[in-house]
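Trainee: After the structure tokens below, expect a handful of questions from me.
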């Protein structure tokens, strides 16, 4: 545990206050943005997208905004492969919090990467989060619905 890095906000961005549980998720989000080990660049991109969101949603606290976004993207059900009689079935399971957060963060970053246009990545990430908050169908929300639909369609393979 002594090698754990703390999530420290830059001094000019102290007005971004998050609860401790969200800090862990946001640190994972920064970790998924990292390419080729350039974590400082990933943090810069993330905090630029936070400032874009803060100007776009001035009346909403960022903590509440992320609470809503996380609730809309986090999957509750998943599937696990199980081999029975030479056939591999996908059995539905309830996902643990860590796995839910992993899927959620991965899908948000992939949705921002998949957006077209010559915008910077920070503005694409802010657009993805803003669209999720607004209730528009985005890549991350579609992936959650797709995974939960797959789990529900395979519940016939559960055995008591």
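Residue numbers (the working numbering): 3 to 162.
Ideal Cβ positions, reconstructed from N, Cα and C, are used throughout, including at glycine.
Remember, it's a predicted structure, so these values are computed and weren't measured experimentally.
Would you report the Cα separation of residue 101 and residue 108, rounded to the nearest angstrom?
Mentor: 11 Å
Trainee: May I have the straight-line CA-CA distance separating residue 112 from residue 106, to the nearest angstrom?
Mentor: 10 Å
Trainee: Can you list the alpha helix (DSSP H) stretches of 4 or more residues lying completely in the stretch 108 to 141, in chain order?
Mentor: 123 to 136
Trainee: If you follow the beta strand (DSSP E) that residue 85 is part of, which residue opens it and which one closes it?
Mentor: 79 to 86
Trainee: Of the residues 71, 122, 93, which one's Cα is nearest the Cα of residue 138?
Mentor: 71
Trainee: Does the distance from the C-beta atom of residue 64 to that of residue 55 stay below 8 Å?
Mentor: With contacts defined by Cβ atoms closer than 8 Å, residue 64 and residue 55 form a contacting pair.
Trainee: From the DSSP output, read off the bridge partner residues of residue 90.
Mentor: 85
Trainee: Going by DSSP, which residues form a beta bridge with residue 96?
Mentor: 79
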